[in-house]
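I have placed the structure first, in the form of structure tokens, so that the comments after it can refer back to it.
Number of protein chains: 2
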Amino acid sequence: MSEKDGATVARTVLQQCLQARLQVKPADEHSEAQFVQIDRGMVIYICFFKGATDDILAKMGHIMHTRVVVNKLIAKKLLELPGSLLIVPQATLGGKAKGRAMQYHNNISKEDGLRLYSAFVSLCQKELTAAAAGATVKHGTYGNRQVLKLDTNGPYTHLMEF
Amino acid sequence: MSEKDGATVARTVLQQCLQARLQVKPADEHSEAQFVQIDRGMVIYICFFKGATDDILAKMGHIMHTRVVVNKLIAKKLLELPGSLLIVPQATLGGKAKGRAMQYHNNISKEDGLRLYSAFVSLCQKELTAAAAGATVKHGTYGNRQVLKLDTNGPYTHLMEF
Numbered sequence: 015m016s017e018k019d020g021a022t023v024a025r026t027v028l029q030q031c032l033q034a035r036l037q038v039k040p041a042d043e044h045s046e047a048q049f050v051q052i053d054r055g056m057v058i059y060i061c062f063f064k065g066a067t068d069d070i071l072a073k074m075g076h077i078m079h080t081r082v083v084v085n086k087l088i089a090k091k092l093l094e095l096p097g098s099l100l101i102v103p104q105a106t107l108g109g110k111a112k113g114r115a116m117q118y119h120n121n122i123s124k125e126d127g128l129r130l131y132s133a134f135v136s137l138c139q140k141e142l143t144a145a146a147a148g149a150t151v152k153h154g155t156y157g158n159r160q161v162l163k164l165d166t167n168g169p170y171t172h173l174m175e176f
Numbered sequence: 015m016s017e018k019d020g021a022t023v024a025r026t027v028l029q030q031c032l033q034a035r036l037q038v039k040p041a042d043e044h045s046e047a048q049f050v051q052i053d054r055g056m057v058i059y060i061c062f063f064k065g066a067t068d069d070i071l072a073k074m075g076h077i078m079h080t081r082v083v084v085n086k087l088i089a090k091k092l093l094e095l096p097g098s099l100l101i102v103p104q105a106t107l108g109g110k111a112k113g114r115a116m117q118y119h120n121n122i123s124k125e126d127g128l129r130l131y132s133a134f135v136s137l138c139q140k141e142l143t144a145a146a147a148g149a150t151v152k153h154g155t156y157g158n159r160q161v162l163k164l165d166t167n168g169p170y171t172h173l174m175e176f
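The listed protein sequences correspond, in order, to chains X and W.
To convert a position in the first sequence, counted from 1, into the numbering used here, add 14.
To convert a position in the second sequence, counted from 1, into the numbering used here, add 14.
This is how it looks when you write it as structure tokens:
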């Protein structure tokens, strides 16, 4: 399923949204929960696998410029104006079914995962700022539970692996 | 990525939800839009590829009984009580990146896709009725735009291919 011959080192699932809201800090005794929100745009769920390095990031920057055919009628980029981006770290995407259990042995370490995730967020911010005035990039807190609310006019779910 | 040696013939993306609402009939001049809704449970986005036959369905019935490890703390089945199921046909899941375009050449024909989708819905209804009193299976209208609203306490997105 990878773009290249080698093993998959990053998996993303993309969904379009009219609005998406993600918790970035749970409530505690001192403060209420904190959220980020985007309006029309795209949610990217992302998971890195063992073996992923910075080399993969350059390829991944293309995600936002990929042209998608929807309903054989609409040809548009995954991220059109006005389009914002919400990036959701999603380790469960690394799950692999073994019998009736899911295993996550192929997931990258937390340290490397956080580093690549942060670099991916930075890359998206850079790409999007260059492409679309007014669009924003929001992102979840790596390692947290991703409490998400999504409103779509059709999610047009895509899988992209790298 | 497939469970077996052969090519992938069905792709599913699974997300847990607190509530999910899906349009099954758009508004027209005579009537308002119609929706189905589940509360706590799982959303299954599904796409069949060329070569998929009824043989694949028996394997897919296991989806609901797959045990998932989340956050290394919670071990639970994808569908626990009380857990309902919302099945969303999602042809875009068959998209494959070619350069900066997505292509859908590997998707099954609409006729065969509808037949397998209907059979999968029936299978899920049967499996779930046997497993969980009170749980329901709702599903989208094949071929329609899947206008979806999702509220989660963490989607725990999984990919399962068959």
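Glycine residues also receive a C-beta, built at the ideal position from the N, C-alpha and C atoms.
Among residues of its own chain, excluding the 5 on either side of residue i, which ones have a beta-carbon nearer than 6 Å to its beta-carbon?
{"i": "Thr26 of chain X", "result": "Ile58, Ile60 and Met174"}
{"i": "Val23 of chain X", "result": "Phe63, Gly65, Ala66 and Ile70"}
{"i": "Val151 of chain W", "result": "Leu99, Cys138, Gln139 and Leu142"}
{"i": "Asn121 of chain W", "result": "Ala105 and Gly108"}
{"i": "Ile101 of chain X", "result": "Ile58, Val135 and His153"}
{"i": "Asp53 of chain W", "result": "Gln33"}
{"i": "Tyr118 of chain X", "result": "Gly108 and Gly109"}
{"i": "Arg35 of chain X", "result": "Phe49, Gln51 and Lys163"}
At a CB-CB cut-off below 7 Å, which residues of chain W make contact with residue i?
{"i": "Thr171 of chain X", "result": "Val27, Tyr59, Gln104, Thr106 and Leu107"}
Which class does residue i belong to by DSSP, given the choice of helix, strand or coil?
{"i": "Arg54 of chain W", "result": "coil"}
{"i": "Ala34 of chain X", "result": "strand"}
{"i": "Val82 of chain X", "result": "strand"}
{"i": "Val27 of chain W", "result": "strand"}
{"i": "Glu17 of chain X", "result": "Below a pLDDT of 50, predicted positions are generally treated as unreliable, and Glu17 of chain X, at 42, falls in that range; the measurement from the model is reported next regardless. Glu17 of chain X: coil per DSSP, three-state reduction."}
{"i": "Glu141 of chain X", "result": "helix"}
{"i": "Val161 of chain W", "result": "coil"}
{"i": "Tyr170 of chain X", "result": "coil"}
{"i": "Phe181 of chain X", "result": "Lying before the first or after the last residue shown, residue 181 of chain X is absent from chain X, which here runs from 15 to 176."}
{"i": "Glu125 of chain W", "result": "helix"}
{"i": "Thr39 of chain W", "result": "For the record, residue 39 of chain W in the displayed sequence is Lys; it is not Thr. Note: Lys39 of chain W maps to strand in three-state DSSP."}
{"i": "Lys73 of chain W", "result": "helix"}
Could you tell me if the beta carbon of residue i falls within a distance shorter than 6 Å of some heavy atom in the ligand MG?
{"i": "Ala24 of chain X", "result": "For the structure depicted, the ligand MG is absent and the ligand set is empty, with no information on it obtainable."}
Name the chain X residues whose beta carbon is nearer than 8 Å to that of residue i?
{"i": "Lys90 of chain W", "result": "Result: empty, since nearest Cβ-Cβ is about 10 Å, beyond 8 Å."}
{"i": "Thr67 of chain W", "result": "Neighbours of Thr67 of chain W on chain X: none; closest Cβ ~20 Å, over 8 Å."}
{"i": "Arg114 of chain W", "result": "His76, His79, Thr80 and Arg81"}
By DSSP's criteria, residue i is part of a beta bridge. Which residues make up the other side?
{"i": "Ala115 of chain X", "result": "X:Lys112 and W:Arg81"}
{"i": "Val102 of chain X", "result": "X:Tyr59"}
{"i": "Val151 of chain X", "result": "X:Leu99"}
{"i": "Lys91 of chain W", "result": "W:Arg81"}
Can you give me the Cβ contacts of residue i inside the same chain, cut-off strictly under 7 Å, excluding the 5 residues immediately before and after it?
{"i": "Ala41 of chain W", "result": "Ala47"}
{"i": "Gly97 of chain X", "result": "Arg54, Gly55, Met56, Ala146 and Ala149"}
Which same chain residues end up closer than 8 Å to residue i when comparing Cβ atoms and leaving out the 5 residues on each side of it in sequence?
{"i": "Met15 of chain W", "result": "Caution is warranted here: a pLDDT of 43 is assigned to Met15 of chain W, below 50, making its placement in the model unreliable, and the coordinate value is therefore given only provisionally. Correct list, in chain order: Thr22, Leu173 and Glu175."}
{"i": "Met78 of chain W", "result": "Met56, Lys91, Leu92, Leu93, Leu99, Cys138, Glu141, Leu142 and Ala145"}
Could you work out which residues of chain W lie near residue i, taking near to mean beta carbons separated by less than 8 Å?
{"i": "Gln48 of chain X", "result": "None at all; the shortest Cβ gap to chain W is about 16 Å."}
{"i": "Arg129 of chain X", "result": "The contacting residues do not exist; Arg129 of chain X stays about 20 Å from chain W at best."}
{"i": "Gly168 of chain X", "result": "Arg159, Gln160, Val161 and Leu162"}
Mind listing the chain X neighbours of residue i? Cutoff is C-beta to C-beta under 7 Å, in chain order.
{"i": "Asp165 of chain W", "result": "Lys163"}
{"i": "Thr143 of chain W", "result": "By Cβ distance, chain X contributes nothing, its closest Cβ being about 19 Å from Thr143 of chain W, past 7 Å."}
Is there a Cβ of chain A sitting closer than 7 Å to that of residue i, yes or no?
{"i": "Val82 of chain X", "result": "Going by chain labels, chain A is absent from the structure shown, which instead holds the protein chains X and W."}
Does the region 121-131 of chain W touch the region 53-63 of chain X, meaning 3 or more C-beta pairs lie closer than 8 Å?
no
Could you check whether the region 151-169 of chain W touches the region 26-38 of chain W, counting it as contact only if at least three pairs of C-beta atoms, one from each stretch, sit closer than 8 Å?
yes
Is it true that the region 38-51 of chain W meets the region 155-162 of chain X, where meeting means three or more beta-carbon pairs spaced less than 8 Å apart?
no
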